[in-house]
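Position 155 of the sequence shown, counting from 1, maps to 1468 under the working numbering, and the rest follow consecutively.
All C-beta atoms in this analysis are idealised placements derived from N, C-alpha and C, irrespective of residue type, glycine included.
Owing to the predicted nature of the structure, the values given are computational and were not obtained by experimental measurement.
Structure first, then comments.
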Amino acid sequence: MSSSTLCLRCLKRSLVPLESSLPPTAVQRAAFSTSPSLLVNPPKKKAVGAKPTARSGKSLKLAKNTRTATARPPAPGERKALRKRVVLSNTNALEVHGLKDLSKESVGKLREYEGRVLGLSNDSVDALRALEAFKPNQGWSLFRRPATLVRKETVELAEMMSDVKETQKVDRRVLAGEKGSGKSVLQLQAMTMAYLQGWIVMHFPEAKEMTIAHEAYQPVKLEDGSTGYIQPQYTAHLLSNFAKANHGLLNNLRLSKEPKLPVPVQSNITLLRFAELGATDAELAWPVWQALWAELLAPSQPSKEGLHRPPIFVSLDGLEYIMRDSAYLSAEAQPVHAHDLLLARDFVNLLSGSTGLPNGGTVLAASSASNRPSVPTLDFFLNRNHLETCNKSYNAIVDRLAQQIPKLKNPAELDLTELDNLPPNSLPPFFLSRLDTLKSRVRESKDIAQLTRLLKDRNPAALQEWNPYLSIDSRVAATMKPSDTGKGPAVVGTPVQKLAGLSKTEARGIMEYYAQSGMLRQTVTEGLVSERWSLSGEGVVGELEKGSVRARF
């Protein structure tokens, strides 16, 4: 019973209930307090970004708009084939009337075609395509048919190869120069001339693919106890290209001795079938390569049927990649030097002269100026050997002038026609200025004795020496500058030929070809030739093509 309804005097319940001063539903609050009311269940705050609740009942639900791939995925190697695809014809380009082909007859008199464009015959194109001599970034797809400019260096290369064929000597050189100067195209022209003259042609299209660890490899023990590395699949690919390009020539040659192979081989098999045997089976590719290489380097025996061995032309593009450590790793997880890859070592031995060519031939390597790796040792010897080559050219000119002295009665009779007609790009500017100074001093000489003293000037450029405080790659140095053993004649370094820009006569010849093909829609005048020649860095052929043809697209 509540105490509020009792009487305080008699303890009886009151008939009228007492009313409380506070309503029964009032909220009890503390006196003199300003705090808010305390609710049993305070309202919850809505979450930030809360989605409205879904409406109950039937609703249309749509799936995500996902596109399913209906095309088939690219097959293995399909993207690489598309990237390396070479187009050699443009049916929209005009046909150049009167365009002569580079043939066996024209190779002997190429001096007459200097500064003109000559086409490539179908047989030559098939052989060059098999050797992968054409590159996708070259401008073959802009014209009706493949054709090349006969420049001064092309003529010199043709004369050198004719001399090699007659004397059976070996010419080794490295082509260098800035990007777009035409190194790979000059190499292609040399391959074409070698093919037309009946040489055996071997070409390593991209040294980069040999060294970036994209091909399978395996170690082998060599006779000296060291470890070398072979690339079976890449070797089979090279043998396939080699067999396709030299099909007619290899079909008339046969083995001279029985090779050591894990499978039996016919004793008198042709070199064509022998190369195809290694091309179809990667396990046999390396033994076949070794036996085939030994056959090609054997002395020729013209008196015996099938044992005649013609001169050999061997070339490689991208020299920098085989003059450094490759991306392959040894069993100890150490980088494998590119010279330990036996395919690269075979070419390096040819380039340095360690392996001879008894039947004569040419070894031609081209450096790369686009996407090239840093190889300080090679860069040093390229510059040094180039100066050495220029010194020899300078000395040869002075020697020819000195040979006239015994026949002279006075200095005015000296014939200076060679100096007057010297092409502007034949030597670097330093050597040309020295020759100009020599020419003026010769004309001012008063007697034969003074003239003789003037013509004793030799080696105007001092050869630079390697900085001893920097590490040097001894294997690269041995290739580019072999050490002198003191036995026999002095050993010289590998000659380096730097390609400069075209002369204005050569630039005019190729621009006229652009106009006749419909790719240059301007009249070829002296002013236009001078303008484009200057804008292209004094005739850099790659820049000349960009400014004259590709700028329209």
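Whole-angstrom C-beta distance between residue j and residue i, which should lie under 8 Å
i: D1630; j: S1497; result: 6 Å
i: L1610; j: L1670; result: 7 Å
i: F1626; j: A1507; result: 4 Å
i: P1624; j: K1478; result: 6 Å
i: T1702; j: Q1777; result: That pair is no contact at about 14 Å.
i: L1732; j: L1721; result: With 8 Å as the limit, L1732 and L1721 do not qualify as a contact, their Cβ atoms being about 16 Å apart.
i: A1588; j: L1563; result: 6 Å
i: S1580; j: L1620; result: Their Cβ separation, rounded to whole angstroms, is 13 Å, which puts S1580 and L1620 out of contact at 8 Å.
i: L1407; j: R1458; result: Contact doesn't hold; Cβ gap of about 11 Å is too wide.
i: A1606; j: G1591; result: What sits at residue 1606 in the sequence shown is Trp, not Ala. No, W1606 and G1591 are not in contact; Cβ-Cβ is about 11 Å, not under 8 Å.
i: G1452; j: E1858; result: 5 Å
i: Q1481; j: N1672; result: 6 Å
Nearest neighbour of residue i, chosen from the options [CA to CA]
i: H1410; options: A1471, G1432, A1813; result: G1432
i: V1438; options: L1610, K1557, D1484, E1608; result: K1557
i: E1839; options: E1819, G1855, G1850; result: E1819
i: T1807; options: L1815, G1814, M1793, N1780; result: M1793
i: V1468; options: Q1502, R1486, Y1530; result: Q1502
i: Q1614; options: R1567, L1695, Y1641; result: R1567
i: E1726; options: A1443, L1735, S1706, V1755; result: V1755
i: N1435; options: L1695, P1449, L1415; result: L1415
i: N1405; options: E1858, R1845, Q1829; result: Q1829
i: L1585; options: H1621, P1575, H1560, K1570; result: H1560
i: G1511; options: P1736, R1622, L1768, P1773; result: R1622
i: L1551; options: G1855, I1513, V1487, A1598; result: A1598
i: F1744; options: P1719, S1753, R1458, L1700; result: L1700
i: T1814; options: L1455, S1454, L1499; result: Before going on, a small fix: residue 1814 reads as Gly here, not Thr. Closest option to G1814, Cα to Cα, is L1499.
i: S1475; options: R1485, A1440, V1420; result: V1420
i: V1648; options: G1390, Y1542, K1413; result: It is worth fixing the name first, because residue 1648 is Pro in this sequence and not Val. Comparing Cα positions, the closest option is Y1542.
i: G1528; options: G1452, Q1579, L1656, A1489; result: Here residue 1528 is Glu; the residue named in the question, Gly, does not match the sequence. Considering only alpha carbons, the answer is L1656.
i: A1774; options: V1578, L1444, N1704; result: N1704
i: P1278; options: S1753, L1590, E1645; result: Coverage of the chain is limited to positions 1314 through 1866, which leaves residue 1278 absent and any answer about it impossible.
i: E1522; options: I1635, M1832, T1505; result: I1635
Per DSSP, the bridge partner or partners of residue i
i: T1540; result: K1534
i: H1652; result: None; H1652 has no bridge partner.
i: I1513; result: I1625
i: Q1810; result: L1488
i: T1381; result: Note: T1381 sits in no beta bridge, so no partner.
i: T1675; result: D1484, F1626
i: G1432; result: D1414, A1460
i: L1642; result: P1648
i: R1788; result: DSSP lists no partner for R1788.
i: T1583; result: R1567
Beta-carbon spacing of residue i, residue j below 9 Å
i: L1812; j: S1539; result: no
i: V1853; j: E1491; result: yes
i: D1786; j: R1658; result: no
i: S1680; j: L1632; result: yes
i: V1688; j: V1789; result: yes
i: T1583; j: N1565; result: yes
i: V1399; j: T1675; result: no
i: Q1544; j: L1654; result: yes
i: V1842; j: K1817; result: yes
i: D1897; j: N1723; result: As displayed, the chain neither begins before 1314 nor continues past 1866, which places residue 1897 out of reach and without an answer.
i: V1430; j: Y1826; result: yes
i: A1526; j: Y1426; result: no
i: P1572; j: A1595; result: no
i: S1639; j: T1750; result: no
i: P1518; j: L1401; result: no
Terminal residues of the beta strand (DSSP E) in which residue i lies
i: R1485; result: 1483–1490
i: S1628; result: 1625–1630
Residue interval of the alpha helix (DSSP H) (run including residue i)
i: F1693; result: 1689–1715
i: D1436; result: 1435–1443
i: K1413; result: Run containing K1413: none; DSSP gives neither H nor E here.
i: I1823; result: 1817–1829
i: H1550; result: 1545–1558
i: D1476; result: 1465–1480
i: K1521; result: 1520–1524
i: F1743; result: 1742–1757
i: Y1861; result: Note that residue 1861 is Ser in the sequence shown here, rather than Tyr. Residues 1854–1861.
i: Q1763; result: 1761–1767
i: V1842; result: 1839–1848
i: E1731; result: 1730–1733
heavy atom of the ligand SAH below 8 Å from residue i C-beta
i: A1774; result: The ligand SAH is not among the ligands present in this structure, which contains no ligands whatsoever.
is_contact[residue i, chain D] using C-beta, thresh 9 Å
i: I1761; result: Checking the listed chains, one finds no chain D in this structure; it contains a single protein chain.
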